[in-house]
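Structure, as structure tokens:
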Amino acid sequence: MKAQTSIILAIIFALLVATFAVINVNAVPVNFLFFTREAPLILIILISVLMGSLITASFGFVKIYQLQRTIRQLKQEQQENTDYDEQEFLDSYEDSKENGADTDPSKQ
């Protein structure tokens, strides 16, 4: 449901930007660091939206990568702890068996 809502909002936003860009087709001066050039406003709007989307997406991908790395580390730690606990349990069970103690709670 969340994905569908995101897609619908993205389509609505794209339509609004496209409509706004098509309405504004006049050439406007664009000042760069060392020179000035005239360009159609439609291109400036579309390029600005595209660059903003790419920058936002790149931050999102970085965050996803960090979360996946954290999940991988936590799973590895969990596996190490589980392996240690199992080995500790088996060792204590073997020790109690050698000492003659009955550790089965159902027999008590």
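Its first residue numbered -12, the sequence shown is counted upward by one per residue in the numbering used here.
We treat Cβ as the ideally placed atom computed from N, Cα and C, and that holds for glycine.
Three-state secondary structure (DSSP) of residue i
i	result
Val4	helix
Gln95	Residue placement at Gln95 is poorly supported in this model, since its pLDDT is 49, which falls under 50; the coordinates are not used for a value here.
Val36	helix
Val9	helix
Asn68	helix
CB of residue i within 9 Å of CB of residue j, strictly
i	j	result
Phe7	Ile32	yes
Ala14	Ala5	no
Ile29	Val17	no
Residue from the options whose Cα sits closest to the Cα of residue i
i	options	result
Phe0	Val15, Met(-12), Leu37 and Asn13	Leu37
Residue i, buried or exposed, once every other Cβ within 10 Å from all chains shown has been counted against 16
i	result
Gln95	Model confidence at Gln95 stands at a pLDDT of 49, short of 50, so the residue's coordinates are unreliable and nothing is read from them.
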